[in-house]
Amino acid sequence: MKAVYLESVQKLTEKELPVPRPGDRQVLVKMKAVGICGSDIHYWHKGRIGPFVVEQPMILGHECAGEVVEAGKDVANLAVGDRVVIEPGVPCYTCEYCKSGKYNLCPDIRFFATPPVDGSMVEYVAFDADLVFRIPEEIKDFGLATMVEPMAVGVFATRTVKPALGDNAVVFGAGVIGIVCMLAAKAAGCAAVTVADIRDDRLERAKELGADNVVNLKTDTLSDSCYDIGYEATGAEACYALASKCIKPGGKLSLVGMGPELQSLPIVDFVCREIALLPSFRYANAYPAALKLLKAHHEKLEKIITHRFAFSLESVDEAIRTAYSDPTAGKVVVDFQ
Ligand SMILES: [Zn+2]
Ligand SMILES: [Zn+2]
0 MKAVYLESVQ KLTEKELPVP RPGDRQVLVK MKAVGICGSD IHYWHKGRIG
50 PFVVEQPMIL GHECAGEVVE AGKDVANLAV GDRVVIEPGV PCYTCEYCKS
100 GKYNLCPDIR FFATPPVDGS MVEYVAFDAD LVFRIPEEIK DFGLATMVEP
150 MAVGVFATRT VKPALGDNAV VFGAGVIGIV CMLAAKAAGC AAVTVADIRD
200 DRLERAKELG ADNVVNLKTD TLSDSCYDIG YEATGAEACY ALASKCIKPG
250 GKLSLVGMGP ELQSLPIVDF VCREIALLPS FRYANAYPAA LKLLKAHHEK
300 LEKIITHRFA FSLESVDEAI RTAYSDPTAG KVVVDFQ
């Protein structure tokens with residue numbers, strides 16, 4: 000089988016590997032689609048994200064969907080022929096974080112395409128069956144199914160910030176993560192969600208996908224003390240300053256975006272206004288809910304996929320370059336045969 004590796008910064012190579020054998024509790028998944036994520040782009044562009052540094056060739060990709068072609072003897076939840084998505088992090092199951100359900104914080108989690116763990120830009124993957132989920136019938140397109148992964152980020156962030164029924168929410172960032180946060184906030188009972196960004200085309204897409212209001216921060220402002228909760232999905236320093244003003248005293252801000260490692264925050268404003276900063280990292284136990292949300296919005300979400308490429312070394316390279324450099328790109332998907 001073929002696998003596409005990040006060989007070194009901005010250099011991909013292709014390798015021929017043996018098809019893996021599934022363990023007793025694993026399934027063998029034939030890959031059908033892999034979405035390009037911001038983290039793939041970061042590793043390709045810079046070779047690192049914060050403490051995670053690519054030191055040896057690594058297979059990229061973690062947003063993936065495929066078909067079960069073999070099941071280990073102890074697998075009860077899946078069968079050959081099932082169309083599935085893979086939750087891409089395997090935790091240790093035994094540490095205090097795993098035992099308390101916060102397995103996203105497991106120090107030994109092996110997460111696809113986080114160095115040194117290989118990802119899913121490969122034709123077959125053997126994976127723990129309890130982290131593999133059936134795709135709802137309504138979702139025909141494997142490419143769309145890969146969006147369950149960012150959706151899980153939105154679901155998990157929303158569980159962390161816990162909106163109350165009728166809340167007003169603001170989302171900074173109209174990229175894929177901003178969109179999924181908006182959808183999750185609405186599903187969790189927010190009455191109105193405003194999406195703020197600096198690009199009109201992205202804001203238009205956010206509106207089409209269900210944002211109640213959109214604000215272009217280049218030309219417009221957010222009213223003071225207007226929102227009960229917020230999501231920071233850009234990583235841009237300026238958004239923290241805006242959030243400290245436009246979120247009501249006693250409100251909450253979900254931190255999802257990953258910007259520069261060191262940033263200036265108006266901490267005194269956050270303290271004096273008692274705005275809780277609630278970080279959320281990846282997700283835990285969020286895939287089932289994310290699949291339901293994806294099913295509910297699958298027709299609209301097709302609009303987020305702007306580019307598709309067929310799996311090959313050249314196309315993966317083009318897919319990543321497109322996701323990196325084309326400002327109109329939404330979700331870029333690589334389709335397998
Ligand atoms: Zn992702
Ligand atoms: Zn653990």
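The C-terminal position of the sequence shown is numbered 336 in numbering that gives the first Met the number 0, with every residue numbered one higher than the one before it. All residues carry an ideal CB built from backbone N, CA and C; glycine is no exception.
| With DSSP run on the structure shown, which of helix, strand or coil describes PHE171? | Translated into the one-based positions of the sequence shown, residue 171 becomes position 172. In this structure, PHE171 counts as strand in the three-state DSSP scheme.
| message | Please identify the residue among ALA156, LEU59, VAL147 and PRO19 whose C-alpha is closest to the C-alpha of VAL255. | response | On the sequence shown, residue 255 is found 256 positions in, with the first residue counted as 1. With distances taken between Cα atoms, VAL255 lies closest to ALA156.
| message | Please return the same chain residues whose Cβ sits closer than 6 Å to the Cβ of TYR286, not counting the five positions on each side in sequence. | response | Numbered from 1 along the sequence shown, position 287 holds the residue referred to as residue 286. The residues are GLU86, PHE132 and ALA151.
| said: Which of the three DSSP states is assigned to CYS97 in this structure? | reply: Locating residue 97 in the sequence shown gives position 98, counting from the first residue. Reduced to three states, the DSSP call for CYS97 is helix.
| Within 10 angstroms of its Cβ, does CYS245 collect 16 or more other Cβ (buried), or is it exposed? | As a first step, residue 245 is located in the sequence shown; it is residue number 246 there, counting from the start. Its Cβ being crowded by 16 or more others within 10 Å, CYS245 is buried.
| field | Closest residue to MET146 among CYS189, VAL33, GLU66 and LYS1 (Cα-Cα distance) | value | Stepping through the sequence shown from its first residue, residue 146 is reached at position 147. Comparing Cα-Cα distances from MET146 to each of CYS189, VAL33, GLU66 and LYS1, the minimum goes to VAL33.
| Beta-carbon proximity of LYS302 to GLU231, cut-off 8 Å | The sequence position of residue 302 within the sequence shown is 303, counting from 1. The sequence position of residue 231 within the sequence shown is 232, counting from 1. Not a contact, by the Cβ cut-off of 8 Å.
| field | Nearest neighbour of GLU69, chosen from GLU313, LEU241, CYS225 and VAL18 [CA to CA] | value | The count along the sequence shown starts at 1 and reaches residue 69 at position 70. Nearest of GLU313, LEU241, CYS225 and VAL18 to GLU69, Cα basis: VAL18.
| said: For a test of your reading of the model: does the CB of PRO341 fall under 7 Å from any non-hydrogen atom of ligand 1? Yes or no. | reply: With the chain represented from 0 up to 336, any question about residue 341 goes unanswered, as that position is not in the structure.
| Local conformation of SER314 per DSSP, three classes | Here residue 314 refers to the residue found at position 315 of the sequence shown. Three-state DSSP puts SER314 in a helix.
| said: Within 8 Å, do at least three Cβ pairs link the region 322 to 332 to the region 214 to 222? | reply: As far as the Cβ criterion goes, the region 214 to 222 does not touch the region 322 to 332, which means the pair count is below three.
| said: Can you check which of these residues, PRO115, THR12, LEU11 and TYR4, is closest to VAL53 by C-alpha distance? | reply: Here residue 53 refers to the residue found at position 54 when the sequence shown is read from its first residue. Looking at the Cα atoms, PRO115 is the closest of the given residues.
| Sequence-ordered residues whose beta carbon comes within less than 5 Å of a heavy atom of ligand 2 | Chain-ordered list of matching residues: PRO90, CYS91, CYS94, CYS97 and CYS105.
| Under the three-state reduction of DSSP, which class applies to SER253: helix, strand or coil? | For the purposes of this step, residue 253 is identified with residue 254 of the sequence shown, where counting begins at 1. Strand, per DSSP.
| query | Cβ of SER38 versus every heavy atom of ligand 1: is any distance shorter than 7 Å? | reply | Position 39 of the sequence shown, counting from 1, holds the residue named residue 38. Under cutoff, so the answer is yes.
| request: Would you kindly work out how many angstroms separate the C-alpha atoms of CYS36 and ALA283, rounded to a whole number? | output: Here residue 36 corresponds to residue number 37 of the sequence shown, with the count starting at 1. Here residue 283 corresponds to residue number 284 of the sequence shown, with the count starting at 1. When rounded, the distance between both Cα atoms is 18 Å.
| query | Are the beta-carbon atoms of GLU122 and PHE335 separated by less than 8 Å? | reply | Taking the first residue of the sequence shown as 1, we reach residue 122 at position 123. Taking the first residue of the sequence shown as 1, we reach residue 335 at position 336. Cβ atoms of GLU122 and PHE335: closer than 8 Å.
| query | At which residues does the beta strand (DSSP E) containing PHE335 begin and terminate? | reply | Indexing the sequence shown from 1 puts residue 335 at position 336. First-last for PHE335: undefined, no H or E at that position.
| Alpha carbon of ASP223 to alpha carbon of ALA242, nearest angstrom | Start at 1 with the first residue of the sequence shown, and residue 223 comes out as number 224. Start at 1 with the first residue of the sequence shown, and residue 242 comes out as number 243. Roughly 9 Å between the two C-alpha positions.
| message | Among TYR323, ILE304 and VAL89, whose alpha-carbon lies nearest the alpha-carbon of ARG281? | response | Taking the first residue of the sequence shown as position 1, residue 281 is located at position 282. Nearest of TYR323, ILE304 and VAL89 to ARG281, Cα basis: VAL89.
| message | Using CA atoms only, rank isn't needed, just tell me which of MET120, CYS91 and TYR96 is closest to GLU15. | response | Counted from its first residue, the sequence shown places residue 15 at position 16. Taking only the C-alpha atoms, the option nearest GLU15 is MET120.
| query | Leaving out five residues before and five after GLY258 in sequence, what residues of the same chain have Cβ atoms less than 8 Å from its Cβ? | reply | Start at 1 with the first residue of the sequence shown, and residue 258 comes out as number 259. Once the five neighbours on either side are set aside, the close Cβ partners of GLY258 are THR233, GLY234, ALA235 and GLU236.
| query | Which of the three DSSP states, helix, strand or coil, is assigned to MET181? | reply | The residue labelled residue 181 in the question sits at position 182 within the sequence shown. Annotated three-state conformation of MET181 is helix, per DSSP.
| query | Thinking C-alpha only, which one of ALA210, PRO149, ASP129 and GLN25 is nearest SER279? | reply | Position 280 of the sequence shown, counting from 1, holds the residue named residue 279. Checking every option, the nearest Cα to that of SER279 belongs to PRO149.
| Secondary structure at ARG204, three-state DSSP: helix, strand or coil? | Translated into the one-based positions of the sequence shown, residue 204 becomes position 205. Looking at ARG204 - three-state DSSP - the assignment turns out to be helix.
| query | Does DSSP put ASP39 in a helix, in a strand, or in coil? | reply | Numbered from its first residue, the sequence shown carries residue 39 at position 40. Three-state result, ASP39: helix.
| Spatially closest choice to PRO248 from GLN262, VAL267 and ILE274, by CA coordinates | Looking up residue 248 in the sequence shown gives position 249. Per the Cα distances, ILE274.
| message | Suppose you measure from the CA of LYS291 to the CA of ALA186; what does that come to, to the nearest Å? | response | The count along the sequence shown starts at 1 and reaches residue 291 at position 292. The count along the sequence shown starts at 1 and reaches residue 186 at position 187. Counting only the Cα atoms, ALA186 lies some 11 Å from LYS291.
| message | If you measure between the beta carbons of ALA128 and ASN76, is that distance less than 8 Å? | response | As a position in the sequence shown, residue 128 is number 129, starting the count at 1. As a position in the sequence shown, residue 76 is number 77, starting the count at 1. Yes, they are a contact pair.
| From ALA295 to ALA195, what distance separates their C-alpha atoms? | As a first step, residue 295 must be located in the sequence shown, where it is residue number 296. As a first step, residue 195 must be located in the sequence shown, where it is residue number 196. Cα to Cα, ALA295 sits roughly 24 Å from ALA195.
| message | What I want to know is whether the C-beta of HIS306 ends up closer than 7 Å to one or more non-hydrogen atoms of ligand 1. | response | Locating residue 306 in the sequence shown gives position 307, where the first residue counts as 1. HIS306 Cβ: outside cutoff for every heavy atom of ligand 1.
| request: Using a threshold of 8 Å, state whether the C-beta atoms of ALA144 and ASN167 are closer than that. | output: Stepping through the sequence shown from its first residue, residue 144 is reached at position 145. Stepping through the sequence shown from its first residue, residue 167 is reached at position 168. No; because the gap between Cβ atoms is not below 8 Å, this pair is not in contact.
| Going by alpha carbons, who is nearest to GLY177 out of ARG204, LEU276, CYS91 and ALA112? | Indexing the sequence shown from 1 puts residue 177 at position 178. Considering only alpha carbons, the answer is ARG204.
| said: Measuring only from the beta carbon, is HIS61 closer than 7 Å to any heavy atom that is part of ligand 1? | reply: Along the sequence shown, one-based indexing puts residue 61 at 62. Yes, the Cβ of HIS61 comes within 7 Å of a heavy atom of ligand 1.
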